[in-house]
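Residues in the sequence shown are numbered from 1 upward in steps of one, following the UniProt record's numbering. Here a beta-carbon is modelled for each residue, glycine too, at the ideal position from N, C-alpha and C. Below is one structure, written out as structure tokens; comments come after it.
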Amino acid sequence: KGVLDSVMNGFNCTVFAYGATGAGKTHTMLGSQNDPGVMYRTMKELFKRMDDAKEEKEFAVAFSYLEVYNEQIRDLLANVGPLAVREDGSKGVVVQGLTLHKPKSADHILEALDSGNRNRTQHPTDMNATSSRSHAVFQIYLRQQDKTASLNPNVCIAKMSLIDLAGSERASATNAKGARLREGANINRSLLALGNVINAL
């Protein structure tokens with residue numbers, strides 16, 4: 001709820017699920033239709049807050065869902081890729097061609113997540129029969145504007161990223177070979193890069 005407080009106040013926020021393969025990261029973040037995870041529960045709370053504030057503010061919400069697999073980006077909701085990353089002067093870093101969707105409710109988002117998860121890259125290893133071989137990035141874009149007669153109403157824009165990272169792993173433990181070995185190497189390389197960035201902040 002603290003993260004949502006920050007988003008509602010106009011701050012960009014990111015939540016990672018990080019850990020070894022098989023630790024339960026995907027279940028925690030995504031859950032299932034019968035037992036939804038952090039992503040859906042966060043959206044449920046966001047829609048509740050927007051409904052509570054609808055007399056004072058106008059809201060617009062959009063979301064995207066992508067995976068990073070072997071250093072390439074794929075849109076999980078359009079099942080297309082690889083997509084290119086570009087720097088935009090006004091928007092910052094953007095993924096070209098990534099589809100944005102406008103949800104009508106939190107349940108609509110749950111359906112989209114379920115659809116996207118079916119497109120996500122998974123392969124069994126000795127450590128995890130349903131090992132996620134990619135990082136999944138779910139992003140919510142929130143725009144809110146005061147309901148006022150003013151010519152310059154207060155507009156607030158924020159982005160929240162909920163990320164299910166692929167599990168760190170040792171080839172000796174997963175018995176990975178060939179494509180699985182290459183996937184594991186790319187996963188570990190990207191996790192190391194993420195750690196270096198966080199340490200540099």
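Unbroken alpha helix (DSSP H) run spanning D107, endpoints = Looking at the DSSP string, the run of the alpha helix (DSSP H) that includes D107 is 106-118.
Determine the closest residue to D88 out of Q96, P82, G81, with distance taken between C-alpha atoms.
-> It is Q96.
If you scan the region 26-99 from start to end, which runs of the beta strand (DSSP E) of 3 or more residues do you find wholly inside it?
-> Counting whole runs of 3 or more residues, the region 26-99 contains the beta strand (DSSP E) stretches 57-69, 72-75, 80-83, 85-88, 92-95.
Taking one C-beta from the region 16-27 and one from the region 40-58 each time, how about it: are there three or more such pairs within less than 8 Å?
-> Output reads no: the region 40-58 does not touch the region 16-27.
Under 8 Å by Cβ, that's how I've got T26 and D164 pegged, so tell me the actual separation to the nearest angstrom.
-> Contact check for T26 and D164: beta-carbon distance about 5 Å, within the 8 Å limit, so the pair qualifies.
Counting Cβ pairs closer than 8 Å, one from the region 105-112 and one from the region 145-165, do we hit at least three?
-> The region 105-112, when compared against the region 145-165, does not touch it at the 8 Å Cβ threshold.
Use the C-beta contact count for G184: other C-beta atoms within 10 angstroms, 16 or more gives buried, fewer gives exposed.
-> It counts as buried.
When you compare each of R74, S134, L162, S32 to residue 254 by their alpha carbons, which one comes out closest?
-> In the structure displayed, the chain extends from 1 to 201; residue 254 sits before or after that span and is not available.
Can you tell me where the beta strand (DSSP E) with L142 in it begins and where it stops?
-> 135-146 is the span of the beta strand (DSSP E), which, as asked, contains L142.
For A136, does the count of other Cβ atoms within 10 angstroms reach 16, so buried, or fall short, so exposed?
-> So A136 counts as buried.
Quick one: is Q144 buried, meaning 16 or more other Cβ sit within 10 Å of its Cβ, or exposed?
-> Burial call: buried.
Find out if the Cβ-Cβ distance for the pair residue 209, A78 is shorter than 8 Å.
-> Nothing can be reported for residue 209, as the shown portion of the chain is limited to 1 through 201.
Quick one: grab the DSSP three-state call for L162.
-> In the structure shown, L162 sits in a strand (DSSP, three-state: E or B).
Measuring alpha carbon to alpha carbon, tell me which of V94, L66, C13, D51 ends up nearest R118.
-> If we check each option's Cα against that of R118, L66 comes out closest.
Can you pull the DSSP bridge partners for S168?
-> Beta-bridge pairing links S168 to A20.
Among D35, N34, A62, which has the Cα closest to the Cα of residue 224?
-> Limits of the chain in this structure are 1 at one end and 201 at the other, which puts residue 224 out of reach.
V197 versus Q139: straight-line alpha-carbon distance, rounded = Roughly 20 Å between the two C-alpha positions.
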